[in-house]
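All remarks here apply to the structure that follows.
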Amino acid sequence: MRTVVAKFGGTSLAGAEQFRRVRDIVQANPARRLIVASAPGKRYEEDTKVTDLLLDCYTRAAAGRDFGACLHAVRERFDEIIADLGLDCSLEQEFEVLRRHLSNDPQKDYVVSRGEYLNSRLLAAWLGFTFVDPEWCVCFDEKGHLDGAMTLRTLGAALRPLQNAVIAGFYGADMEGRIHTMTRGGSDVTGSLVASAIHADLYENWTDVSGLLAADPHIVPNPRTVKYVSYRELRTLSYMGASVLHTDAVLPVSDLDIPLNIRNTGRPEDPGTTIVRKLPEGETKYPIVGVAGRKGMSVIQVEKVMVSDESGFTAVMLDMLKNRRLPFEQCLTGIDTVTLVIRSDLLAPCKEELFAEIREKLNPDYLGLTEHLSMIAVIGERDTESSDANVQVLQALARSRIPINTANQGAGKLNLLVGVPEDRYEDAIRAIYAAIDDSMQNERS
Ligand code: ASP
């Protein structure tokens, strides 16, 4: 029998109305046996996510301030769902446990994880499925890092005997039973781990959009929805800020070639975006899947005559970053130059001493820093292989008189990365999107 793991995000489980929709979706396909749930998200624009309310409870409690009203707001969200759906369950005891925990040296991750815990219990009751607490099967090490290999084994053992289940997303526990949460949006990762642990046929990620858009809709009006995207393309798109899926959610399913389908709970008839390694027979795909970017970048440029003949020059520079645990986004080397692209917020605290060390150890002819840059990636595993796309992108920027600070395309040919001034970021995205829109329309297999 086919197994589909369906993860429902916060907006998909924000209130009773959404719970009803989720049940319709789950019942429409019996293969949807394993469900991963987020905490209730926003019901409307100005609403607050339950996870944020819990975070507020914790902050107040940890500071010795009153958290009563805040905890009451959390309780109301769940009580409303229970009452509206007519569920025969009460969270009285659960909230008493939480209140007592908050009153006495609270643990942040435990408090914040309760949104997923409680919502999944309600969803399990609503669907008539077994509730599975990830406290027992999503494993963290003593440093609070997710132990992927152990989790896959434990999750597999816990879920295989079950016909159907609802598993809470976003958290797990270490060997001592201490709760740890993932980074925000982490239920996507739990869903991917569940799909991988039980070798599911498909991982559906139900959210509030009908898939991945080819550009940020706040910048480009009505960008197209991408139908198929490869795991690599998606990772790059999400890394560059297309925020439809948690960046770490791709790896567990891609390891096993499990397709990942992003769907819209509000429009279940839309096919969404499917992330695959290999396209299904007869399907076609846009050559360029999209354009995305990030602001807040800095570029360090080091020049020294004959640097290209001096072995170890770049290694010394990268060592300086490593010693400061300062990650870099790109490292471009040219004849007599080394260019490093680094996130400005990470560079800021150690900028002065890093520059002093570069001067002392490498004695460069020129050392420059350009700040307030943005990096834009034009992503497409196939079309960026041809120089056509690159020409179109660079021409589009030139036509709009947008200066290009850096341009980079590794041998991997997955994407072309261009650095442009931050204040021209939106213009650049629009110009590039307009230029590549044609090639996106021009589907080919
Ligand atoms: N509830 C958590 C958040 O708001 C995790 C999730 O929804 O995946 O980030």
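Note that this note's numbering has the sequence shown beginning at 23, numbered continuously upward. The beta-carbon is built from N, C-alpha and C at its ideal position, and this holds for glycine as well.
Counted as a single uninterrupted DSSP element, the alpha helix (DSSP H) harbouring G137 occupies residues K130 to L149.
Remark: C-beta atoms of A399 and T258 approach each other more closely than 8 Å. Judged by their CB atoms, E226 and A50 are not nearer to each other than the 8 Å cut-off. At the C-beta level, Q352 and N430 come within 8 Å of one another.
Between the alpha carbons of N126 and F162 lies a distance of about 24 Å. Each residue's CA atom was taken as its position, placing L184 and G304 some 35 Å apart. Under the criterion of beta carbons closer than 8 Å, L93 and C79 qualify as touching, at roughly 5 Å. Shown here, I220 sits in coil according to DSSP, grouped into three states, outside any helix or strand.
A distance of 8 Å or more separates the beta carbons of S34 and G191. Boundaries of the beta strand (DSSP E) harbouring R285: L282 to N286, taken from the DSSP string. Fewer than three Cβ pairs drawn from the segment 421 to 430 and the segment 274 to 281 lie within less than 8 Å of each other, which leaves the two stretches out of contact.
The alpha carbon of D387 has as its nearest neighbour, out of E325, I357 and V363, the alpha carbon of E325. Spatial neighbours of L369 in its own chain (CB-CB distance under 6 Å, excluding positions within 5 residues in sequence) are listed in chain order as S320. For E444, no alpha helix (DSSP H) run applies, since DSSP gives it neither H nor E. Here A83 is near L124, since their CB atoms are less than 8 Å apart. Using a Cβ-Cβ distance cut-off of 8 Å, the segment 307 to 319 and the segment 345 to 365 are in contact, since at least three pairs of beta carbons, one from each stretch, lie closer than that value.
In this structure, F192 has its beta carbon less than 7 Å from a heavy atom of ligand 1. Annotated as proximal: N186 and R55, with beta-carbon spacing under 8 Å. In the structure shown, R43 falls within a helical segment according to DSSP collapsed to helix, strand and coil. G213 counts as buried, since no fewer than 16 other beta carbons sit within 10 angstroms of its beta carbon. Around A450, the same chain offers G315, S396, I398, L419, S422, I424, V440 and V442 as residues with beta carbons nearer than 8 Å, after the five sequence neighbours per side are excluded. With a cut-off of 7 Å, the C-beta of G207 is classified as near ligand 1, since at least one heavy atom of the ligand falls inside that distance. Here A85 carries a coil assignment [DSSP, helix/strand/coil]. Listed in chain order, the beta strand (DSSP E) elements of length 3 or more contained wholly in the segment 275 to 347 are 282 to 286, 295 to 298 and 312 to 325.
The Cβ atoms of A195 and E157 sit closer than 8 Å to each other.
A direct Cα-to-Cα measurement between V327 and H394 gives close to 27 Å. Ligand 1 approaches A61 closely enough that one of its heavy atoms is under 7 Å from the residue's Cβ.
Restricting attention to A337, R289, D367 and M262, the CA atom closest to the CA of T355 is found in A337. Look at the beta carbons and you see the segment 167 to 186 not touching the segment 238 to 256: under three pairs across the two are nearer than 8 Å. The continuous alpha helix (DSSP H) containing H123 extends over residues E114 to S125.
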